[in-house]
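Here's the structure, in structure tokens; my notes come after.
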């Protein structure tokens, strides 16, 4: 008997985690699938009936708000990535130089990431305030008329992007800094001997060696950006109008304001699969690192 | 002359570099400092333009936040502590056992571990819909138990991957020699490996605490009055009649500062934690 117990010990040790993860993900997943085929509305339960793929068809074929929110999510994610990646890389290079106090700087950079997004988001809302906001004050000092940070239909999205850039550029910077610091100095030394310029060293030594890390960072950010909810809640609640109504906010609205849980499940599942595909690509790359 | 030129150039470059570092630091810190300052301002100093940089500090906002807020801030902080403590107490041992079995015995050949990490990447708003319906049927809405369950589930994947890396760093010979001397697999894990990865367990516990404490969406959707958490209470200062900026800043400060202290404790491991152990 003792031998058997030893043999299965690894599985026994893994079983609590496996039981929790599988029971709490597979059952809800199938449940979602089931609900997504019904016209389930929490405030109109008498309507609950099987309607097949109608919810999916409705989202893909005739729901302009769904498509608009998807487009906004993509714009938002691309906006953030295109700022966070170069800025983060720049900060990483800056800190990779032999500067004094790097430890302190790194610690400070980590602060925005560990702050609850809703809490800092709301304090940013105060800074963006159209009347009393400190950003208006700074912009006026520069002699520029402040935009309606969160009230202007075109600018609101930019304001949400700026907030994310503030909170998450440090993540990009810190990860890439870790990558830069693990590079061996030898290729650089020989490149110097052969008279390579700074740009050549960057282009032909640094960039290729941290390229896979950059891809992973970008993918991790992308997944987080698609999932973003807290910042929109704190800053704009999807407004003004539907200017910042990203997919997560739209899902929240139809699921937990209109209580169309059947329809919301259909969109949620499609969204979830999209993110899972991205996750699989990311994890594969991380495993190879 | 050339030498002098080179030196000046170098000095200028160094000055510019430090200047850039200062700018980055200022941009990072300013919003946090502004929140902190605002929490000590009287309402007349909060609602004024141009903003006041010099003012008479007051504790009124903190007093208001604790005595008049709805839902009560003290209840929210207590709930957050309970949810955080229970989640960590579940996540750390369960993930340590699983991570060890993955790292040493390759249980599931990597596939299980892989599946588990995808859970971490589920979009919360999509995942919450079935949980909401299920918890509603079980009568667990507005109950800390439902939040402990979800936080445990969503922290396990990250904890397993992080600890997996820590286990991999320990040379296998130690356990092997112990097992040759008749120690069981579990015995080797408990008596030899576990003490060695104590720092890893602490880092995992702190990360789980931070993630659970900051979690907003599940708490916001699953709680009404009894089970509210700290971030939900902060959001509660956005009332029907407008946003109470002073008390909000005070509550946000209370919500955020403890996590800064945790971040200081694990600052060497921040990158590792946020990349699920992929980057050391």
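Protein chains in written order, with my numbering: chain H, 3 to 291; chain Y, 641 to 920. Just so you know, even glycine gets a beta-carbon here, dropped at the ideal spot from N, CA and C. Quick caveat: nothing in here was measured; it's all calculated off a predicted structure.
Residues that residue i contacts on chain Y, provided the C-beta gap is smaller than 8 angstroms
| i | result |
| --- | --- |
| residue 274/H | 762, 763, 766 and 767 |
| residue 258/H | 772 and 861 |
| residue 185/H | Correct list: empty, because the minimum Cβ distance to chain Y is about 13 angstroms. |
| residue 181/H | 919 |
| residue 172/H | 668 |
| residue 23/H | 755, 756, 759, 793, 796 and 797 |
Exposed unless 16 or more other CB atoms sit within 10 angstroms - verdict on residue i
| i | result |
| --- | --- |
| residue 913/Y | buried |
| residue 223/H | buried |
| residue 857/Y | buried |
| residue 821/Y | exposed |
| residue 200/H | exposed |
| residue 256/H | buried |
| residue 686/Y | buried |
| residue 815/Y | buried |
| residue 25/H | exposed |
| residue 29/H | exposed |
| residue 131/H | buried |
| residue 586/Y | Outside the shown range of chain Y, which is 641 to 920, sits residue 586/Y, and nothing can be said about it. |
| residue 20/H | buried |
| residue 645/Y | exposed |
| residue 232/H | buried |
| residue 704/Y | buried |
| residue 701/Y | buried |
| residue 39/H | buried |
| residue 3/H | At residue 3/H the pLDDT is 49, less than 50, meaning the model places this residue with poor confidence; the figure from the coordinates comes in the next sentence. With fewer than 16 Cβ atoms within 10 Å of its Cβ, residue 3/H is classed as exposed. |
Amino acids of chain H, ordered along the chain, whose beta-carbon sits closer than 7 angstroms to that of residue i
| i | result |
| --- | --- |
| residue 904/Y | 109 |
| residue 895/Y | 118 and 121 |
| residue 824/Y | 8 |
Partners in chain Y for residue i, counting only beta-carbon separations shorter than 7 angstroms
| i | result |
| --- | --- |
| residue 133/H | 689 |
| residue 176/H | 910 and 911 |
Residue from the options whose Cα sits closest to the Cα of residue i
| i | options | result |
| --- | --- | --- |
| residue 668/Y | 116/H, 24/H, 10/H and 33/H | 116/H |
| residue 660/Y | 53/H, 97/H, 151/H and 67/H | 97/H |
| residue 601/Y | 684/Y, 702/Y, 719/Y and 736/Y | Past the boundaries of the shown model lies residue 601/Y; chain Y is included only from 641 to 920, so the question cannot be answered. |
| residue 808/Y | 707/Y, 665/Y, 708/Y and 740/Y | 740/Y |
| residue 92/H | 209/H, 262/H and 159/H | 209/H |
| residue 212/H | 186/H, 229/H and 196/H | 186/H |
| residue 768/Y | 267/H, 178/H and 125/H | 267/H |
| residue 866/Y | 760/Y, 888/Y, 662/Y and 785/Y | 785/Y |
| residue 853/Y | 827/Y, 787/Y, 838/Y and 918/Y | 787/Y |
| residue 773/Y | 35/H, 243/H, 94/H and 22/H | 35/H |
| residue 755/Y | 771/Y, 725/Y, 796/Y and 778/Y | 796/Y |
| residue 129/H | 890/Y, 885/Y and 896/Y | 885/Y |
| residue 83/H | 226/H, 246/H and 194/H | 226/H |
| residue 276/H | 221/H, 104/H, 290/H and 48/H | 221/H |
| residue 156/H | 18/H, 245/H and 263/H | 245/H |
| residue 230/H | 121/H, 104/H and 78/H | 78/H |
| residue 832/Y | 846/Y, 813/Y and 845/Y | 813/Y |
| residue 242/H | 68/H, 154/H, 64/H and 44/H | 154/H |
Rounded C-alpha distance that separates residue i from residue j
| i | j | result |
| --- | --- | --- |
| residue 677/Y | residue 144/H | 23 angstroms |
| residue 811/Y | residue 825/Y | 15 angstroms |
| residue 908/Y | residue 175/H | 15 angstroms |
| residue 172/H | residue 111/H | 5 angstroms |
| residue 720/Y | residue 706/Y | 15 angstroms |
| residue 71/H | residue 252/H | 7 angstroms |
| residue 727/Y | residue 793/Y | 9 angstroms |
| residue 849/Y | residue 723/Y | 9 angstroms |
| residue 841/Y | residue 259/H | 40 angstroms |
| residue 285/H | residue 691/Y | 46 angstroms |
| residue 197/H | residue 90/H | 28 angstroms |
| residue 50/H | residue 41/H | 5 angstroms |
| residue 250/H | residue 75/H | 8 angstroms |
| residue 715/Y | residue 872/Y | 11 angstroms |
| residue 675/Y | residue 159/H | 22 angstroms |
| residue 133/H | residue 148/H | 11 angstroms |
| residue 801/Y | residue 789/Y | 19 angstroms |
| residue 835/Y | residue 891/Y | 38 angstroms |
| residue 59/H | residue 263/H | 16 angstroms |
Beta-bridge partners of residue i, as assigned by DSSP
| i | result |
| --- | --- |
| residue 52/H | 40/H |
| residue 878/Y | 883/Y |
Neighbouring residues, chain H, relative to residue i (Cβ below 9 angstroms)
| i | result |
| --- | --- |
| residue 681/Y | Under the 9 angstroms cutoff, chain H gives no residues; its nearest Cβ is about 11 angstroms from residue 681/Y. |
| residue 889/Y | 124, 125 and 128 |
| residue 907/Y | 105, 108, 109 and 112 |
| residue 747/Y | 12, 13, 15, 16 and 20 |
| residue 871/Y | 118, 119, 120, 121 and 232 |
| residue 916/Y | 222, 285 and 288 |
Under 8 angstroms from the C-beta of residue i: neighbouring residues of chain H
| i | result |
| --- | --- |
| residue 738/Y | 15, 16, 18, 19 and 20 |
| residue 868/Y | Chain H residues near residue 868/Y: none, gap ~12 angstroms exceeds 8 angstroms. |
9 angstroms Cβ cut-off: residues of chain Y touching residue i
| i | result |
| --- | --- |
| residue 43/H | None at all; the shortest Cβ gap to chain Y is about 12 angstroms. |
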